[in-house]
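Written below as structure tokens is the structure these notes are about.
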């Protein structure tokens, strides 16, 4: 498992995967019960929207664990997940300051997950320096490189969009309302976008990463499936939902899928 005989690494990543699985299940598939655990969180459409989104993000993290369990350890996973976990802790602490503190379980579990990941990263023996690839993205495939540049530009636009309007996800969706809790969830997604940019810059410098491309493909496929399901159930009524978000998901899916299948034979 993970193509290593180090039991500590195996146990750490296995337990980290269990944490991701637990939160993916609760947040994405038992959203109401998850929200009911927190007295100051309203069980409204806005909070349910974001909690499901965060739950699906955990499926993406879990996909990285599964990938490495089969293919072996990949530095790219740690480059992405460690900053994401640190920013997640910052995000939870900020929530505590706003509410007086109620999500101690989440803070504890994320902290444990970060500790386990750091232990696995340290024991892996992989160098902490980034070794520059001979060419940008580590491939001569022009179409794949164009797709990776496109993904980077798309994420940069997401970050710029947050600075222009932090509540755009709520303002552009008639089913959602701008709330303090919703704004804090939007901040969490902004933090995640920063980590995605870091992961893409890492790949630009050292070469594409199989685990990162696979994690991205899982995320893009899930959200594209949700988008298509919503379009089918809308029965021609396109007045609901967020057209800008739908465009971003569609472009991201096309770009990531193109890159994934162009480079898949190399990882």
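In my numbering, the protein residues as written are 2 to 268. Note that CB positions come from ideal geometry on N, CA and C, so glycine has one too. Since we're looking at a predicted model, the values are computed, not measured.
- Assigned with DSSP and collapsed to three states, residue 38 falls in coil, not helix or strand.
- In the structure shown, residue 179 falls within a coil segment according to DSSP collapsed to helix, strand and coil.
- In the three-state reduction of the DSSP assignment, residue 21 falls in the helix class.
- By the Cβ-count criterion, residue 219 is buried, with 16 or more other Cβ atoms from all chains shown falling within 10 Å of its own Cβ.
- Between the segment 84-103 and the segment 208-222 there are fewer than three inter-stretch CB-CB distances shorter than 8 Å, so the stretches are not counted as touching.
- According to the DSSP assignment, residue 148 belongs to the alpha helix (DSSP H) that extends over 143-165.
- Residue state for residue 5 is assigned as coil, using DSSP reduced to three classes.
- With respect to the 9 Å criterion, residue 221 and residue 138 are not classified as neighbours on the basis of their beta carbons.
- For residue 244, the uninterrupted alpha helix (DSSP H) run begins and ends at 244-264, by DSSP.
- Per DSSP, the unbroken alpha helix (DSSP H) holding residue 118 starts and ends at 105-125.
- Counting C-beta atoms within 10 angstroms of its own C-beta, residue 92 has 16 or more neighbours from the protein chains shown and is therefore classed as buried.
- For residue 43, the closest alpha carbon among the candidates 201, 225, 224, 180 is that of 180.
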